[in-house]
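Participant: Can you read through this structure? Questions will come right after.
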Ligand SMILES: Nc1ncnc2c1ncn2[C@@H]1O[C@H](COP(=O)(O)OP(=O)(O)OP(=O)(O)O)[C@@H](O)[C@H]1O
Ligand SMILES: [Mg+2]
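Residue numbers (the UniProt record's numbering), protein chains in the order written: chain A, 1 to 262; chain B, 1 to 314.
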């Protein structure tokens, strides 16, 4: 059974058809990449799957169950979470607190007990803090826990979002341009992290313009163009697909397109 | 320095020191009465700050909840024959229920829309209080029976100073506890990014409603205290202007600062008293002082001072 099935999904914004009859399946544990030129509808597709937008037509299934129309927090509870292309960081919190928010679903949260500040609340805080530190270590942000998130550079925040998403312990994680704005070292680190979490059985859906990154990492690639499916296949199939090369002609061959998009 | 400023319990501790010191330093009923009014206002503002400063949701109608607490304490004994204590507690619970019912539809709005919706709530409550003369005494207001807790007759500034002061300390401790808990983190997350909070599993609508109800309960408690302390309530207690004042206190002291809420309340309660000698210029001078404070310390008094101190210490 597929972890995620997107079935004939369409979405319109007024007159603009942002996605038109898009279908694909993502088996569990796969690294599945979604590529396409700017404005192709990649982020929109992530928004539809994660419940941020409701699609106009079509159906989405998660582990076989229909989730079309479910709200983001309901999907998170089922094990689906994501990061954002345009950072959605909790800027007034420290880096560690950002990750601790990701532990929300796994924390005992009773407003009355929280109000009373019982010792169990403090114990749980300490535990969440420790797990947050571990996740910060995992994404290469050791020692930054106490830094106010608002003061951290872009590349760090990209990784902070990954740590925060991992804190929900998802079975499917969707990463929207995880290495945009990152240097080569950071990109290699993030690739390593993604391999590691996929290796642990997590399903990874990925949007990225850095073709080198996508080609080496993805098991399968789905190409969107102007809201429509252009191709799907393994990295080598996609690299040699004439329609894909055609779509990218305005910029460069897909293998050469540089990462430049925030 | 950084450690003290970062300790979530520092504001409550500082206030505890103030509550103990004021009667020793200025033992006159005039000042104790003023301090009591500061505590009562601060109680509303601490709750409002949870809503506005932490969760990022505005309310221009909190005087409605303040008035509900006040009038419930008055109406229970006068019209229903209930003991004052029971009316007060029932009024606070009822206000929480009303906040839940009202919050559910309107908290879906954001920004200006939420501001206008909460303002609407304030207008409605204010109209009802002014017009339901049989129940509320209309524009003249009504007397409030004394509060008895067992055989303790809670009356006069000597009693209410301590009741209000200690309640405020507890309310501040509760707020601090809440903020460094999963609930508080959820509220702060909603402020910065609702969509990120959602994909991490936070039920955004539920937490907005929760903090709205908590802040309403704070306001209702304060309203009940004021009614019982004064022995008299009038529609002014719950007027639109009061709602605006509460917001001004929260913003002036600093959104997102519990200590700031108390300070903001103190400034806006004490300043008008201090300025009475200027007679007709009182309001103009008050307004000018507020404007200068906001221009000089634009993030509110406490957050601005804090970042200034931290920069000095670094
Ligand atoms: N909320 C919205 N309202 C109106 N139009 C939208 C909305 N969200 C996306 N669009 C439009 O849908 C189209 C697809 O946008 P989308 O952000 O999904 O592209 P993308 O493939 O992620 O591009 P990029 O690589 O630049 O991130 C664009 O034309 C965009 O303007
Ligand atoms: Mg995008």
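Don't be surprised by glycine CBs; every beta carbon is placed ideally from N, CA and C.
Below 7 Å between beta carbons is the criterion; list the residues of the region 113–144 of chain A that meet it against any residue of chain B, in chain order.
Facilitator: Listed by position along the chain: 114, 115, 116, 117, 121, 125.
Participant: Residue 176 of chain A lies in the beta strand (DSSP E); which residues open and close that run?
Facilitator: Its beta strand (DSSP E) spans residues 172–176.
Participant: By the criterion of Cβ-Cβ separation under 7 Å, what are the contact partners of residue 223 of chain A in chain B?
Facilitator: Simply none; closest approach about 25 Å.
Participant: In the DSSP assignment, find the beta strand (DSSP E) that holds residue 221 of chain B and state where it starts and stops.
Facilitator: Segment 204–230 is the alpha helix (DSSP H) holding residue 221 of chain B; no beta strand (DSSP E) there.
Participant: Below 8 Å CB to CB, which residues in the same chain sit around residue 124 of chain B once its five sequence neighbours on both sides are set aside?
Facilitator: Within the same chain, residue 124 of chain B has close Cβ partners 64.
Participant: Does any CB atom of chain B fall closer than 8 Å to the CB of residue 76 of chain A?
Facilitator: Interface residue, yes.
Participant: Give, in chain order, every residue of the region 179–213 of chain B whose Cβ lies closer than 8 Å to some Cβ of chain A.
Facilitator: If the cut-off is 8 Å between Cβ atoms, the region 179–213 of chain B has 180, 181, 182, 183, 184, 185, 186, 188, 189, 191, 192, 193, 195, 196, 197, 198, 199, 200, 201, 202, 203, 204, 210 near chain A.
Participant: Which whole-angstrom value describes the C-beta separation of residue 169 of chain B and residue 43 of chain B, a residue pair presumed to lie in contact below a C-beta threshold of 8 Å?
Facilitator: Residue 169 of chain B to residue 43 of chain B, Cβ: 10 Å. No contact.
Participant: How would you call residue 158 of chain A, buried or exposed, if buried means at least 16 neighbouring beta carbons within 10 angstroms?
Facilitator: The residue in question, residue 158 of chain A, is buried, as its Cβ has 16 or more Cβ neighbours within 10 Å.
Participant: For ligand 2, is there any heavy atom lying closer than 7 Å to the beta carbon of residue 124 of chain A?
Facilitator: No, the Cβ of residue 124 of chain A stays beyond 7 Å of every heavy atom of ligand 2.
Participant: Buried or exposed for residue 264 of chain A, please, with buried defined as at least 16 other CB atoms from any protein chain shown within 10 angstroms of its CB.
Facilitator: The structure shown does not extend to residue 264 of chain A, since chain A spans only 1 to 262, so no value can be given for it.
Participant: Starting from residue 203 of chain A, follow its DSSP beta bridges and name the residues at the other end.
Facilitator: Answer is A:172, bridged to residue 203 of chain A.
Participant: Within the 8 Å Cβ cut-off, does residue 111 of chain B reach chain A?
Facilitator: Judged by the 8 Å Cβ criterion, residue 111 of chain B is not in contact with chain A.
Participant: With distances taken from CA atoms, which of B:246, B:159, B:233 is nearest residue 72 of chain B?
Facilitator: Comparing Cα positions, the closest option is B:233.
Participant: Compute the Euclidean distance between the alpha carbons of residue 184 of chain A and residue 191 of chain A, then round it to the nearest angstrom.
Facilitator: Roughly 10 Å between the two C-alpha positions.
Participant: For residue 231 of chain A, which residues does DSSP report across the bridge?
Facilitator: Looking at the DSSP assignment, residue 231 of chain A forms a beta bridge with A:223.
Participant: Answer yes or no: does any C-beta atom of chain C fall closer than 8 Å to that of residue 177 of chain B?
Facilitator: Absent here is chain C; the protein component of the structure consists of chains A and B.
Participant: Comparing the C-beta of residue 262 of chain A with each C-beta of chain B, is any distance below 8 Å?
Facilitator: Residue placement at residue 262 of chain A is flagged as unreliable, the pLDDT there being 39, under the threshold of 50; a coordinate-derived value is accordingly withheld.
Participant: Does the distance from the C-beta atom of residue 19 of chain A to that of residue 48 of chain A stay below 8 Å?
Facilitator: Cβ distance < 8 Å, so residue 19 of chain A and residue 48 of chain A count as in contact.
Participant: By how many angstroms is the C-alpha of residue 154 of chain B removed from the C-alpha of residue 168 of chain A?
Facilitator: If I take the Cα positions, the gap works out to 50 Å.
Participant: Strictly closer than 6 Å from CB to any heavy atom of ligand 1: give me those residues in the order they appear in the chain.
Facilitator: Counting every residue whose Cβ lies closer than 6 Å to a heavy atom of ligand 1, we get A:13, A:16, A:18, A:36, A:38, A:39, A:40, A:41, A:42, A:43, A:44, A:85, A:261.
Participant: Could you list the residues in the region 155–179 of chain B with a C-beta less than 8 Å from some C-beta on chain A, going in chain order?
Facilitator: Hits within the stretch, in order: 173, 174, 176, 177, 178.
Participant: For the region 41–67 of chain A, which residues have a CB atom closer than 8 Å to at least one CB atom of chain B, in sequence order?
Facilitator: Result list: 50, 51, 52.
Participant: I need the straight-line Cα distance from residue 97 of chain B to residue 203 of chain B, nearest angstrom please.
Facilitator: One C-alpha to the other measures close to 20 Å.
Participant: Interface residues of chain B around residue 19 of chain A at Cβ under 7 Å?
Facilitator: Chain B residues near residue 19 of chain A: none, gap ~19 Å exceeds 7 Å.
Participant: Could you tell me which chain B residues have their CB closer than 9 Å to the CB of residue 204 of chain A, listed as they occur along the chain?
Facilitator: Ordered by position in chain B, no residue passes the 9 Å Cβ test against residue 204 of chain A, which lies about 15 Å from the chain.
Participant: Measure the C-alpha to C-alpha separation of residue 28 of chain B and residue 255 of chain B and round it to an integer number of angstroms.
Facilitator: Each residue's alpha carbon lies about 32 Å from the other.
Participant: Taking residue 214 of chain B as the reference, give the member of B:40, B:51, B:273 with the closest Cα.
Facilitator: The option with the nearest alpha carbon to residue 214 of chain B is B:51.
Participant: Considering only their Cβ atoms, is the gap separating residue 121 of chain A from residue 141 of chain A smaller than 8 Å?
Facilitator: Taking 8 Å as the Cβ cut-off, residue 141 of chain A and residue 121 of chain A do not qualify as a contacting pair.
Participant: Alpha carbon to alpha carbon, what distance is there between residue 2 of chain A and residue 25 of chain A?
Facilitator: Spanning the two alpha carbons is a distance of roughly 6 Å.
Participant: Would you verify that the beta carbon of residue 69 of chain A is, or is not, closer than 8 Å to some beta carbon of chain B?
Facilitator: No, its Cβ sits nowhere closer than 8 Å to a Cβ of chain B.
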